[in-house]
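**Student:** With our numbering applied, the sequence shown corresponds to residues 8 to 328, in that order.
Where is the CB? At the ideal position from N, CA and C, for every residue including glycine.
All figures in this text were calculated on a predicted structure; none of them were measured in a lab.
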Amino acid sequence: MKKMILTLLVLFSVLTVDGADPQYSNILRFHGTSAIDHYRVVHINGLKLYGKTINAYNCEIDFVGATGMTGSSFRNSRIKYLHHEMNINDEEGFDCSNCDFSGAVIEAGDACLDSVRECSFMDTELGEELDIALQGRDLAQTKNFKSKHLKLKRLWTCADGIDFSDFVIEKGSYLFLKAAGAKLENTLFQNCRIIATFSSDQLKSTANYKKGYFHGLHLVAYGDETCVTFCDTDFSKMTFSDCSFGGHSIYEYTKFSWKGTILEDTVFANCDLSNSTDLTLEQVKSTWNYKAGRMSLCKWPKHIEKALEEEEKAKAQEEKK
8 MKKMILTLLV LFSVLTVDGA DPQYSNILRF HGTSAIDHYR VVHINGLKLY
58 GKTINAYNCE IDFVGATGMT GSSFRNSRIK YLHHEMNIND EEGFDCSNCD
108 FSGAVIEAGD ACLDSVRECS FMDTELGEEL DIALQGRDLA QTKNFKSKHL
158 KLKRLWTCAD GIDFSDFVIE KGSYLFLKAA GAKLENTLFQ NCRIIATFSS
208 DQLKSTANYK KGYFHGLHLV AYGDETCVTF CDTDFSKMTF SDCSFGGHSI
258 YEYTKFSWKG TILEDTVFAN CDLSNSTDLT LEQVKSTWNY KAGRMSLCKW
308 PKHIEKALEE EEKAKAQEEK K
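#1: Using a Cβ-Cβ cutoff of less than 8 Å, which residues in the same chain neighbour ASP272 once the five nearest sequence positions on both sides are dropped?
#2: Given a cut-off of 9 Å on the beta-carbon distance, is the pair CYS165 and LEU184 in contact?
#3: Look up LYS306 in the DSSP assignment and say whether it is helix, strand or coil.
#4: DSSP state of LYS266, grouped into three classes?
#5: Where in the stretch 168-203 do unbroken runs of the beta strand (DSSP E), each at least 3 residues long, occur, reported from the N-terminal end onward?
#6: Would you mind sorting GLU326 into buried or exposed? The rule is 16 or more other CB atoms within 10 Å of its CB.
#7: Considering Cα atoms alone, identify which of LYS309, ARG161, ALA115 and LYS218 is closest to ILE201.
#8: Could you have a look at GLU136 and say whether DSSP puts it in helix, strand or coil?
#9: So, with DSSP's three-state summary, where would you put ILE311?
#10: Spatial neighbours of GLN290 within its chain, please: CB distance less than 7 Å, with the 5 preceding and 5 following residues excluded, ordered by chain position.
#11: Are the Cβ atoms of LEU137 and ASP117 separated by less than 9 Å?
#12: Smallest Cα separation from CYS305: which of THR236, THR261, PHE252 and ALA314?
#13: Which same chain residues, not among the five before or five after ALA276, have their C-beta less than 8 Å away from its C-beta?
#14: Considering only the beta carbon of each residue, do ASP231 and THR261 sit closer than 9 Å?
#15: So for ARG124, helix, strand or coil by DSSP?
#16: Taking 8 Å as the limit between beta carbons, can you name the residues of its chain near ILE113, skipping five residues before and five after?
#17: Which runs of the beta strand (DSSP E) spanning at least 3 residues fall entirely within the stretch 219-296, listed in chain order?
#18: Please state the DSSP three-state secondary structure of GLY143.
#19: Using the Cα positions of THR213 and ALA321, report the straight-line distance between them to the nearest angstrom.
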């Protein structure tokens with residue numbers, strides 16, 4: 008079962024709790040409000056901790072508790088921390104469904120999909136330190152989505168049918184389920200971890216591909232699949248810097264495929280290509296790194312390192328004759 012801890016910090020000077028004695032000393036007796044301690048001002052209307060009705064308009068709150076809050080409203084509030092944790096001993100669990108986060112700012116925390124189902128996120132601002140799983144339709148309501156800029160600690164969402172055209176997606180880790188249905192026209196990915204498998208056509212539509220520059224990306228597939236995003240794609244004369252391909256996904260370790268990929272004069276700087284089993288020696292020899300003698304700029308697959316080593320030995324033997 009699930010248990011949610013909702014943390015919100017209140018910095019006001021008046022305390023108003025409908026249906027309860029608004030004396031500071033009495034507030035501490037409410038289960039789940041232990042964090043409301045030395046703050047003197049709070050505006051909370053309709054507080055019913057067990058009736059699961061909370062309205063917190065236009066305020067910042069520090070609310071810590073395991074009480075269910077189905078149908079609660081945090082419209083225009085500032086939520087400092089929204090935390091979900093598993094507790095198998097909690098028979099009732101924590102239910103934050105059908106809540107209204109319209110216009111709210113959720114600065115940090117982590118919340119799973121089940122915890123925030125059927126909630127309103129209209130013009131909600133998701134903070135850079137937030138780890139959250141949202142349905143695509145909920146993500147589309149947020150201020151972040153409308154500004155075409157995603158910069159979160161981690162976002163899990165179903166990308167099917169979502170239009171990310173002209174977006175900047177950066178900094179965090181992004182898990183896109185059903186990624187094949189997403190639109191990525193002129194989307195710029197930078198300094199982020201992408202857990203998804205896009206098609207070659209999707210990749211070619213991104214700003215990265217059109218500019219011929221990929222920076223700070225960690226590309227992996229979901230689950231134990233092999234990421235085939237780059238297969239049969241031409242990256243001639245493009246540049247990859249500080250990128251890694253394959254490796255740890257969520258719970259599994261994934262591989263990255265370069266099958267059919269054209270790498271003529273492609274530049275790899277400070278990149279990790281070691282998680283590939285099908286990168287060929289011919290592909291490597293076509294890169295700028297090989298031609299310029301700058302192979303040390305990257306980490307290559309073991310089978311490539313071995314092939315190059317054997318080639319050097321054979322060359323040395325030939326020169327001795």
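**Tutor:** With the structure as the only source:
#1: For the purposes of this step, residue 272 is identified with residue 265 of the sequence shown, where counting begins at 1. Here the set comprises SER243, LYS244, SER293, THR294, TRP295 and LYS298.
#2: Mapped onto the sequence shown, residue 165 falls at position 158. Mapped onto the sequence shown, residue 184 falls at position 177. Their beta carbons are under 9 Å apart, which means CYS165 touches LEU184 by this criterion.
#3: Here residue 306 is taken as the residue at index 299 of the sequence shown, counted from 1. Here LYS306 sits in strand by DSSP.
#4: Mapped onto the sequence shown, residue 266 falls at position 259. DSSP places LYS266 in coil when its eight states are reduced to three.
#5: Those beta strand (DSSP E) runs which fall completely within the stretch 168-203 and span 3+ residues are 175-177, 180-184, 195-197 and 199-202.
#6: Counting from one through the sequence shown, the residue named residue 326 turns up at place 319. Exposed: under 16 other Cβ atoms inside 10 Å.
#7: Here residue 201 refers to the residue found at position 194 when the sequence shown is read from its first residue. Here the closest residue by C-alpha is ARG161.
#8: Indexing the sequence shown from 1 puts residue 136 at position 129. GLU136 falls in the strand class under three-state DSSP.
#9: Taking the first residue of the sequence shown as 1, we reach residue 311 at position 304. In the three-state reduction of the DSSP assignment, ILE311 falls in the helix class.
#10: Taking the sequence shown and counting its residues from 1, one reaches residue 290 at position 283. Only TRP265, THR268 and LEU270 meet the Cβ criterion.
#11: Residue 137 sits at position 130 when you count from the first residue of the sequence shown. Residue 117 sits at position 110 when you count from the first residue of the sequence shown. Judged by beta-carbon spacing, ASP117 lies within the 9 Å limit of LEU137, meaning their Cβ atoms are closer than that value.
#12: Position 298 of the sequence shown, counted from the start, is the residue given in the question as residue 305. Among THR236, THR261, PHE252 and ALA314, the Cα nearest to that of CYS305 belongs to PHE252.
#13: Against the sequence shown, residue 276 aligns to sequence position 269. The beta carbon of ALA276 lies closer than 8 Å to those of THR246, PHE247, SER248, ASP249, LEU304 and CYS305 in the same chain, with the five residues before and after it left out.
#14: Start at 1 with the first residue of the sequence shown, and residue 231 comes out as number 224. Start at 1 with the first residue of the sequence shown, and residue 261 comes out as number 254. Contact: yes.
#15: The residue you call residue 124 lines up with position 117 of the sequence shown. The three-state reading of DSSP puts ARG124 in coil, since its state is none of H, G, I, E or B.
#16: Reading the sequence shown from its first residue, position 106 is the one you call residue 113. Counting only Cβ-Cβ distances below 8 Å, and skipping sequence neighbours, we find ILE86, LEU89, THR131, GLU132, LEU133, GLY134, LEU137 and ILE139.
#17: As far as the stretch 219-296 is concerned, its whole beta strand (DSSP E) runs of at least 3 residues are 220-222, 224-227, 246-248 and 274-276.
#18: On the sequence shown, position 136 is the one that residue 143 refers to. Here GLY143 sits in helix by DSSP.
#19: Residue numbering aside, residue 213 sits at position 206 when the sequence shown is read from its first letter. Residue numbering aside, residue 321 sits at position 314 when the sequence shown is read from its first letter. A straight line joining the alpha-carbon of THR213 with that of ALA321 spans about 43 Å.
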